[in-house]
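Peer 1: Can you read through this structure? Questions will come right after.
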Ligand SMILES: *[C@@H]1O[C@H](CO)[C@@H](O)[C@H](O)[C@H]1NC(C)=O
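Numbering (mature numbering (1 follows the signal peptide of the UniProt record, and there is no 0)), first residue to last: -20 to -1, 1 to 451.
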């Protein structure tokens, strides 16, 4: 609520006055954000931005083709699926993380980091970070500096690009984090238990530098990874700070989109932000993933139980204990259950993920959903398939009559999807059903979660949904 008038105000201003676009965007965004981040008795509250929101501190290029988004989405899904293929561990590939020899005179001056130990660490294949990931800000160091970070429920280790970027850093918004400028920075020894924890947190082995500093390797795709020093420093959100936070000080970072500085991991592992803050905030977080024209939040800590939420138990899985598994139990279109055997809904392991754009359903369920939606939208002109999206229509989602789609989960939780959770505009004249089939891992993606409040209550092992959570 409230975002539409703000947007309208923004855009009419842009159209009628040749005012500097940045100024009007900034004021719209400032009024949306208010006094975030802040901490109160119900936890820590951060602002969350859609990856393509003009209010994001590190927006994706506005001309990023949607087909590119889908290509990266597929890579993320393949990576998540490979983590669950227990009998078939991800293949290793050697990387070429060798520092480019500096031209004549090479000494790169004074820092204590030893470069050679970053060379030739093995990485497993994964996906690109950032295309589908929402963005918030985190403060680091003493004195504290703020960084635009993508938020990821599918990984654990928090890392950011770190000066001197021994091998490589991509362009980011604002200055790089410089450990030498922080009085509270320390690097972590190889003998620390947190160094051992990296295998579970990143699914890659740790390494050890010649000067006994623990090296992490976080990988998300063939072209997307961060490698650097496991470190601790004070992390801060507004005026609230937490000392000795473990994170990766990235010296070789490739493939991050949108000029973010790094990534915040919220998966279930001792090194994730959630688990590190849990001693003071508790083991739960909630979010509302906004559309590009609204503002959402990420809250860590206790949540408002006065609000109506429907809950589904977190399912346990031995396949990857750090991901959030739930059980899909049914779907309906326009009030009618899909024409598919109920056992099909839970025929694959199902995770809920903040960074996957398009929900992946077991093929039989997807086929039935596609049929039912197409039937209900028989008046709309069909359009050819677009990339992984096989059920497309001419026009834009907002102009079409779309049936109500409900996703139901074990234990009685459900999400009644709105038009924008069901269809996604892929270009100016085409919109598609925002679901795709899979035969490996089902994923509840972020197009379907948008504008719902979603609670991840790890302490009570349940996930809660409530409609209408973003402002
Ligand atoms: C804490 O702040 C959040 C976000 O601004 C707000 O929604 C919530 O009601 C506040 N809780 C209390 C107990 O004041």
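For every residue, glycine included, the Cβ atom is placed at its ideal position computed from N, Cα and C.
Whole angstroms are fine: how far does the CA of residue 122 sit from the CA of residue 162?
Peer 2: Roughly 5 Å separates the two Cα atoms.
Peer 1: Using 10 angstroms around the beta-carbon of residue 231, count the other beta-carbons present and answer buried if the total reaches 16, otherwise exposed.
Peer 2: With 16 or more other Cβ atoms within 10 Å, it is buried.
Peer 1: Please go through the segment 281 to 348 and give each complete beta strand (DSSP E) segment of 3 or more residues, from N-terminal end onward.
Peer 2: Counting only runs of 3 or more, we get 290 to 293, 308 to 313, 330 to 332, 339 to 342.
Peer 1: Start and end of the beta strand (DSSP E) containing residue 445?
Peer 2: Per DSSP, residue 445 belongs to the beta strand (DSSP E) from 442 to 446.
Peer 1: Report whether the distance from the Cβ of residue 22 to the nearest heavy atom of ligand 1 is below 7 Å.
Peer 2: Answer for residue 22: yes, Cβ within range of ligand 1.
Peer 1: May I ask you to check if the CB of residue 25 is nearer than 7 Å to at least one heavy atom of ligand 1?
Peer 2: It does: the Cβ of residue 25 is within 7 Å (strictly closer) of some heavy atom of ligand 1.
Peer 1: Do we get a CB-CB distance below 8 Å when we pair residue 127 with the residues of chain D?
Peer 2: Of the protein chains in the structure, only one exists, and it is not chain D.
Peer 1: From 374, 370, 420, pick the residue whose C-alpha is nearest to that of residue 359; which is it?
Peer 2: Selected option, being the one with the closest Cα: 374.
Peer 1: Please state the DSSP three-state secondary structure of residue 31.
Peer 2: Coil.
Peer 1: Taking residue 65 as the reference, give the member of 430, 434, 419 with the closest Cα.
Peer 2: The candidate whose alpha carbon is nearest that of residue 65 is 419.
Peer 1: Touching or not, the segment 431 to 450 and the segment 390 to 404, by the rule of three or more beta carbon pairs under 8 Å?
Peer 2: Output reads yes: the segment 390 to 404 touches the segment 431 to 450.
Peer 1: State the Cα-Cα distance for the pair residue 333 and residue 289, rounded to the nearest angstrom.
Peer 2: If I take the Cα positions, the gap works out to 19 Å.
Peer 1: Note down the Cα distance separating residue 269 from residue 206, rounded to an integer number of angstroms.
Peer 2: Looking at the two C-alpha atoms, the distance is approximately 25 Å.
Peer 1: Determine, using beta carbons only, whether residue 263 and residue 439 come nearer to each other than 8 Å.
Peer 2: It is a contact, given that the beta carbons lie within the stated cut-off.
Peer 1: Could you check if residue 184 is buried or exposed, using at least 16 other CB atoms within 10 Å of its CB as the buried criterion?
Peer 2: Classification of residue 184: buried, given that the 10 Å Cβ count is 16 or more.
Peer 1: Would you be able to state if there are at least three C-beta pairs under 8 Å between the segment 272 to 289 and the segment 18 to 33?
Peer 2: Yes, the segment 18 to 33 touches the segment 272 to 289.
Peer 1: Could you please give the first and the last residue of the uninterrupted beta strand (DSSP E) stretch that includes residue 267?
Peer 2: Residues 264 to 268.
Peer 1: Could you tell me the alpha carbon to alpha carbon distance between residue 283 and residue 331, rounded to whole angstroms?
Peer 2: Going by the C-alpha atoms only, they are around 22 Å apart.
Peer 1: Is residue 192 near ligand 1, going by C-beta to nearest heavy atom under 7 Å?
Peer 2: False, no ligand heavy atom lies under 7 Å from that Cβ.
Peer 1: In its own chain, which residues sit with a C-beta less than 7 Å from the C-beta of residue 149, not counting the 5 before and 5 after it?
Peer 2: Hits under 7 Å: 141, 156, 233.
Peer 1: Between the C-alpha atoms of residue 246 and residue 112, what's the straight-line distance to the nearest angstrom?
Peer 2: The straight-line gap from Cα to Cα measures roughly 15 Å.
Peer 1: List the residues that DSSP assigns as beta-bridge partners of residue 396.
Peer 2: The partner list for residue 396 (beta bridge, DSSP) reads 386.
Peer 1: Beta-carbon separation of residue 306 and residue 338 under 8 Å?
Peer 2: No, these two residues do not count as a Cβ contact at 8 Å.
Peer 1: Just how far apart, CA to CA, sit residue 59 and residue 266?
Peer 2: Distance between the alpha carbons of residue 59 and residue 266 is about 24 Å.
Peer 1: Round the Cβ separation of residue 285 and residue 212 to the nearest angstrom and send it over; I've been treating them as touching at under 8 Å.
Peer 2: No, residue 285 and residue 212 are not in contact; Cβ-Cβ is about 34 Å, not under 8 Å.
Peer 1: Going by beta-carbon coordinates alone, are residue 129 and residue 137 separated by less than 8 Å?
Peer 2: It is not a contact, given that the beta carbons lie outside the stated cut-off.
Peer 1: Following the continuous alpha helix (DSSP H) through residue 246, name the residue where it begins and the one where it ends.
Peer 2: No alpha helix (DSSP H) contains residue 246, which DSSP labels as neither H nor E.
Peer 1: Do residue 239 and residue 38 have their C-beta atoms closer together than 8 Å?
Peer 2: Contact flag set, yes.
Peer 1: If residue 335 and residue 132 are in contact, beta carbons under 8 Å, what's the gap, nearest whole angstrom?
Peer 2: Indeed, because the Cβ distance is near 5 Å, the residues count as touching under 8 Å.
Peer 1: Where are the beta strand (DSSP E) runs, 3 residues long or more, that stay fully inside the segment 208 to 244, in chain order?
Peer 2: Counting whole runs of 3 or more residues, the segment 208 to 244 contains the beta strand (DSSP E) stretches 220 to 234.
Peer 1: What I want to know is whether the C-beta of residue 233 ends up closer than 7 Å to one or more non-hydrogen atoms of ligand 1.
Peer 2: Every heavy atom of ligand 1 is 7 Å or more from the Cβ of residue 233, so no.
Peer 1: Any chance you could list the beta strand (DSSP E) runs of at least 3 consecutive residues sitting entirely within the segment 118 to 203, in chain order?
Peer 2: Counting whole runs of 3 or more residues, the segment 118 to 203 contains the beta strand (DSSP E) stretches 125 to 132, 139 to 141, 194 to 201.
Peer 1: Nearest CA to the CA of residue 364: which residue from 181, 351, 410?
Peer 2: Nearest of 181, 351, 410 to residue 364, Cα basis: 410.
Peer 1: Could you pull the start and end residues of the alpha helix (DSSP H) that residue 426 belongs to?
Peer 2: Residues 426 to 429.
Peer 1: Return the first residue and the last residue of the beta strand (DSSP E) that residue 433 is part of.
Peer 2: It spans 433 to 437 - the beta strand (DSSP E) in which residue 433 sits, taken as one unbroken run.
Peer 1: Excluding five sequence neighbours on each side, which residues of the same chain lie with their C-beta closer than 6 Å to the C-beta of residue 192?
Peer 2: So the qualifying residues of the chain are 169, 170.
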